[in-house]
Amino acid sequence: MKKTILLISGIFIFLFSLWIIFTSVLRVYYTDTMPDNYEITFGYKTNDSNFDFVDSAETFTQRAELKAKIAFPELSTESSKGLFYVTSNKEGKVMKTFKIAINKGVSGQLFNLDAEGWPAGTYECTFELNGEILATNSFSLQ
5 MKKTILLISG IFIFLFSLWI IFTSVLRVYY TDTMPDNYEI TFGYKTNDSN
55 FDFVDSAETF TQRAELKAKI AFPELSTESS KGLFYVTSNK EGKVMKTFKI
105 AINKGVSGQL FNLDAEGWPA GTYECTFELN GEILATNSFS LQ
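Start counting the sequence shown at 5; every next residue gets the next number (our numbering).
Here it is in structure tokens:
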């Protein structure tokens, strides 16, 4: 009987220790890889392993293949509806709108802006989640 209690106690302590180690490693990993706030970045090419831009910038000469990425500060804990739109600062015109469904466990979203034919100027990108603006950032086309 004592052996059984010791065995069960040992298994419990071992599993509890594994849980502590596992959660600590995940916390460190997500602290290093997730931004502090919702963050919008721009570029053409993404790194295949983490989808960060390898050529991130704020000013672009090429319009084709221009992309925007929203990085979330934490994984989505529930499904929700978002809205991402690009507005021309010069004209005040919405150039592109994306209605998105954000699923549980998602850490960001990548958009192909398809900006070919857009005039030179500054554009502001806005990300809303459930009607609340969470991030804005601007880029320029030359």
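Heads up, the beta-carbon is just placed ideally off N, CA and C, and yes, glycines get one too.
field: 7 Å Cβ shell around Phe115 - same chain, five flanking residues per side excluded
entry: Lys71, Ala72, Phe88, Phe102
field: Residue(s) in a DSSP beta bridge with Gly47
entry: Per DSSP, Lys71.
query: In angstroms, rounded to a whole number, what distance separates the CA positions of Arg67 and Glu82?
result: 34 Å
field: Cβ shell of Val58 (< 6 Å), same chain only, five flanking positions each side left out
entry: Lys49, Asn51
message: Contact defined as beta carbons within less than 8 Å: I believe Phe143 pairs with Thr91. What is the distance between those atoms, to the nearest angstrom?
response: That belief does not hold up - the Cβ atoms of Phe143 and Thr91 are roughly 12 Å apart, past 8 Å.
message: In this structure, how does DSSP classify Thr101 when only helix, strand and coil are distinguished?
response: strand
message: What does DSSP give as the partner residue(s) for Gln113 in the beta ladder?
response: Note: Gln113 is bridge-paired with Ile74 in the DSSP secondary-structure output.
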